[in-house]
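Below you'll find the structure, written out as structure tokens, and then a few comments.
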Amino acid sequence: MNIQSCAKLNLGLKVTGKRDDGFHDILSVFQEIDLADEMHLASRADGKLRVTASDASVPDGRENLVYAAADRLRESVGRRDLGADVAIRKAIPVGGGLGGGSGNAGRALTALNALWGLGLDAAALDALAASVGSDVPFFLRGGTAVVAGRGETITPIAADGEVVFVLAFPGMSVPTPWAFGKLNMELTPGGPYIRFLNSVRSSGQVNLLDLMQVVENDFLPVVSARFPSLKRILAVIRDGGALCASMTGTGATLFGGFEREADARLTVDRLQDQGYRACLSRPVAR
Ligand code: C5P
């Protein structure tokens, strides 16, 4: 079975509190985008799980989120005899806040549920996904969603408004626990983004162009203090006419949301001229 595994952008990311379980509560719009890895999955009957990836920085074996997802899936039905070969051709940069590994794990859960003929329902897959990683449940459905809690409270949203994204990859990866540890929680109360999302959640609809006006990522001050080159990239994106220039997840991938594709293309060219890896991307609707 061959499938695509898309990346996500966090169109805003606020941390709203620290939880008793050591994780943090977040509020974010997760947007699936058309930057995608290719996955090939085949079932095997000898109980072996083999996960390989084209990018050497992806861990293989037990450290891989796809391996963890497959292992938990077969455990949950008491079928250790089930095995699989999974080969991932990576296009999504690893450790960049784009949810590449989480997406691979979410897609693998759905695909193996079918390949192995298990027939688990959506609630069972949701619980398995959350046990693999905070961002995995979103990828069971994708599209556009307001995400809260640790990542498991997902409200699917109908999105309109044509936005073109410019992605810029600064080349460093930010360890998620480090970024959470550096947050100054006192700096993150209410504000326009949270008010906007509350109305989006109650209406079930968002205009992506309007959303661009209020995007805010609590991790951006922390990560750009550590990596000052991010500020230069954000300035190029802003000067190119973006409605917003921000960061996805805990970084370090930066993005701009553009209304005009011509402006977005020029901005990609400018970033590439300055030696940065950059590309265009569009939202994926489900
Ligand atoms: O769930 P995931 O494996 O992505 O989380 C990695 C780390 O990021 C956690 O161990 C925790 O330190 C931090 N985290 C958090 N709150 C979240 C998500 C992640 O504190 N909502």
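In case it helps, my numbering puts the sequence shown at residues 260 to 545.
Every residue, glycine too, gets a C-beta built ideally from N, C-alpha and C.
- When rounded, the separation of the alpha-carbon atoms in E291 and E411 is 16 Å.
- Contact check between the segment 361 to 372 and the segment 392 to 404: three or more CB pairs, one atom from each, fall below 8 Å, which counts as touching.
- Cβ-Cβ distances below 6 Å link F289 to K267, F397, A404 and V406 in the same chain, with the five nearest sequence neighbours on each side left out; the list follows chain order.
- L308 is a Cβ neighbour of G342, given a cutoff of 8 Å.
- At least one heavy atom of ligand 1 is found less than 7 Å from the C-beta of R409.
- Taking the Cβ atoms as the reference, L368 lies roughly 19 Å from L357, outside the contact range of under 8 Å.
- Counting along the chain, the unbroken alpha helix (DSSP H) around Q531 starts and ends at E520 to D532.
- Residue environment analysis places N269 among the buried positions, since at least 16 neighbouring C-beta atoms fall within 10 angstroms of its C-beta.
- Across the set F514, A484 and V465, the C-alpha of F514 shows the shortest separation from the C-alpha of F428.
- Ranked by Cα distance from R541, the options K490, G516 and N457 are led by G516.
- For the 8 Å CB-CB criterion, I492 and V425 do not form a contact.
- Q290 is bridged by DSSP to L268 and T403.
- In the three-state DSSP reduction, M471 falls in the helix class (H, G or I).
- If you check the C-beta of D344 against ligand 1, you find no heavy atom less than 7 Å away.
- Nearest in C-alpha terms to R529, of all of G500, R485, W437 and L300, is G500.
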